[in-house]
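Structure, as structure tokens:
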Amino acid sequence: MPHMLDRFTSMQVFLALVRRGTFAAAAEELGISRAMASKHIQALEDHLGLRLFNRTTRTTRLTEAGERYYEQVHALLGELGNIEARLSEEAGSVRGMLSIAAPPAFGAFHVAPVIGAFMRAYPELHVRLVLADRPIDLVDEGIDVAITVRELADTSYIARRLSAVRMLVCAAPDYLAERGRPRNPEDLVTHNCLIYSETPTYMHAEWQFRRASDTFGVRVQGNFVSNVGNAIRNLALAGRGIARLPDYIVADDIRGGALHEILGRFTPPLRPVYALYPHREHLPGKVVSFLEFATRSFASANPRETPPGLGHK
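With our numbering applied, the sequence shown corresponds to residues 823 to 1135, in that order.
Below you can see the structure in the form of structure tokens.
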């Protein structure tokens, strides 16, 4: 029994021989030797146990069995071509289901509006938005694009930088009245700091700050750790400690006076926003279009917070 790929080639040789009438012409059309064309037809006949052609020195004519086989193979390969054409068209289109993951707060306030605008442009698209404050396994969880707000460790995914967000150090007025207001980042070592960690195991962390052009770290600790930014915000609002959180989580609280920003002179480095996707090759049209749309949307929404030179990592 010939290998399936060989049989597929043999079918193409068979159709070419019917079209062109001679082995020489069929071989020329397919770019193979006449002897190879003859071997393919012989292999087909051996596999089927049928004679497909009556051959003479001058002509090659289909047998009755060959005519029936021709009708079926012609229909089969024609439908295969239609399937490939439809799949190619769908791969380049923006339709079907697009699965996106993002951190809860950032996803709700920043990613969801971008998705809404994208869906207005492509009404045939359906979107599944997964909000999770944890690392996402794109392949196992069926995620097309994951938006993350963090520095990237080693990753097997492809990363496109979209934007950056400010990190703010803040505390409730009651906490500052009771414990005092830190004047320098080093003062944090005597305070209860509320720790964000994707793997909430340790009650300590290193917070990054800037002094002039230098970036430095301060080791902080406290009695609360969580992998959910809003949980840390709620503890800070309750006066339980000092938090370092993205501006999109605490900006309204600071404007309203529920939290006070501290150490503003030592602004922490911007936290990058990345779009992660599993691979670079053969991306569906919906993924390519969303990545381009999101890149433009974040760049226009945060022009002063978006470092220059954003692009593929």
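A virtual CB, placed ideally from N, CA and C, is assigned to each residue, including glycine.
Using CA atoms only, rank isn't needed, just tell me which of the options is closest to residue i.
i     : options                       : result
A1121 : R1032, E1103 and V933         : V933
Y1024 : Q1043, H869 and T1089         : Q1043
D955  : V987, R972 and I980           : R972
L839  : R877, L870 and L974           : R877
V1047 : E1020, A1034 and V1040        : E1020
E946  : V936, R873, R917 and H896     : R917
L898  : H948, F836 and S855           : F836
D1069 : G1107, L852 and F931          : F931
R1087 : F1115, L1113, D1036 and E1114 : D1036
Out of curiosity, what's the CA-to-CA distance linking residue i and residue j?
i     : j     : result
E886  : E867  : 13 Å
A1027 : A1073 : 23 Å
H1101 : A943  : 25 Å
D1075 : V1095 : 22 Å
T844  : T881  : 7 Å
A924  : I969  : 5 Å
N1053 : A1060 : Note that residue 1053 is Ala in the sequence shown here, rather than Asn. So the two alpha carbons sit approximately 11 Å from each other.
G1051 : L1098 : 20 Å
L990  : L998  : 16 Å
A994  : H1082 : 6 Å
R883  : L1105 : 46 Å
A849  : M858  : 8 Å
V1110 : G938  : 17 Å
D962  : R988  : 31 Å
R890  : M833  : 13 Å
S786  : S1119 : Residue 786 cannot be examined here, being either before or after the span of the chain that is shown, 823 to 1135.
Q864  : L870  : 10 Å
G1079 : E1000 : 17 Å
I965  : I922  : 6 Å
I1071 : P935  : 16 Å
Y892  : L960  : 45 Å
T1089 : G903  : 59 Å
A1058 : L951  : 28 Å
DSSP three-state label for residue i, please.
i     : result
Y1099 : strand
L1132 : Model confidence at L1132 stands at a pLDDT of 29, short of 50, so the residue's coordinates are unreliable; what they give is reported in the following sentence. Correct three-state label for L1132: coil.
I854  : coil
R942  : helix
N1056 : helix
L1201 : As displayed, the chain neither begins before 823 nor continues past 1135, which places residue 1201 out of reach and without an answer.
F830  : helix
P935  : helix
T1117 : helix
S921  : strand
G1061 : coil
A838  : helix
P1106 : coil
S1035 : coil
R1157 : The requested residue 1157 does not occur in the structure, where the chain is confined to residues 823 to 1135.
V952  : strand
List, from N- to C-terminal side, the beta strand (DSSP E) runs of 3 residues or more that fit wholly inside the stretch 955-1030. 967-971, 980-987, 989-993 and 1015-1018
At least 3 beta-carbon pairs within less than 8 Å: the stretch 1008-1017 vs the stretch 974-988: no
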